[in-house]
Amino acid sequence: MKKIISLLLAVVLVVGCSALVVSAAPSPEVDDIVTIIEAKDKDGKTVEIILTKSEKTDDALKPTEDDEASMGQYDVEIKGTPEYPVTVKAKVEGVKTTSEVYILTKKADGTVDKIIATVIGEGQIEFKLDSACTILSVIADKKTATDVGTSDKTGDMTTPVVMVILMASVVGMAVSVKKIKA
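The numbering of the sequence shown is our numbering, which starts it at 63 and goes up by one.
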C-alpha cells in the first residue's frame, strides 16, 4: 500500500510540474514597435504609409554609433503620389521624452538619408520625409531600444508553485512516517 501511495505521489508531482510548463502561454512578442499614426504631405492631404517589418536586415541602415541601437527596419509602401515633404507622426514603443531618435531611409537608387526625429510625447515621434523611400530604420539610444518588448517570462510563477507542491509532499511524508512508527 505504501508503495502505491508513494508512486501516486510521484506521478502527481511530475504531472503537476509538467502541466505548469505545458499549459503556459507563450511570452508576448512586440512586432509592431513602430506604427504610423498619421502622415500629411506639404498641402495637408493625408498620405497612406504602410510599414512592414523587413525580413532581412540592410547593413546600410544600421546604427553608426556604439551607444545606439536599431528599433527595427521596415519596408515602406507609400500609396499614391504625395507632394513632398511628408510629415509623419508615428507611435514608437519605448520612446520617452528624453530619448534621442533618428530615422535612416533608403531610396530606390540606394542612397541613405538620416532624418532627426522630434519626440513629441511619450511613445510618439515626428519626422519629415523629403522624398520617397523603400525602407526605413528607426535608430534610438541603447536605453530606449533595449526597454522595448521586455515582458515577464511565462514561467516566472513555476518555482513558487513547485515549492508549495514540494512542501506538501514533505508534510505528507512526515505524516506517513509518523503513522508507520506508531
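Backbone N, C-alpha and C fix where the C-beta goes; we use that ideal spot for every residue, glycine too. Please read these numbers as outputs of a predicted model, since none were measured by experiment.
Compute the beta-carbon to beta-carbon distance between residue i and residue j, rounded to the nearest angstrom, for a pair I have assumed lies under 8 Å.
i, j, result
"Y146", "T114", "Contact doesn't hold; Cβ gap of about 21 Å is too wide."
"V174", "L166", "6 Å"
"E139", "I95", "Actually they do not touch by this definition, with Cβ atoms about 18 Å apart."
"P245", "S132", "Outside the displayed span of the chain (63 to 244) sits residue 245, for which this structure offers no information."
Going by DSSP, name the residue or residues bridged to residue i.
i, result
"A131", "A202"
"K153", "T97, Q186"
"T108", "K102"
"K168", "V174, I197"
"E117", "Paired residues: none, contrary to the question."
"D137", "T114, I197"
"L75", "Answer is none; L75 lacks a bridge partner."
"S180", "It should be pointed out that residue 180 corresponds to Thr in this sequence rather than to Ser. According to DSSP, T180 bridges with E188."
For residue i, count neighbouring Cβ atoms within 10 angstroms of its own Cβ and tell me buried if that reaches 16, exposed if not.
i, result
"V163", "buried"
"T206", "buried"
"I197", "buried"
"M63", "exposed"
"I201", "buried"
"P222", "exposed"
"L69", "exposed"
"V74", "exposed"
| request: Pair every Cβ in the segment 184-197 with every Cβ in the segment 226-234, then say whether three or more of these pairs are closer than 8 Å. | output: With a cut-off of 8 Å, the segment 226-234 and the segment 184-197 do not count as touching, because too few Cβ pairs lie within range.
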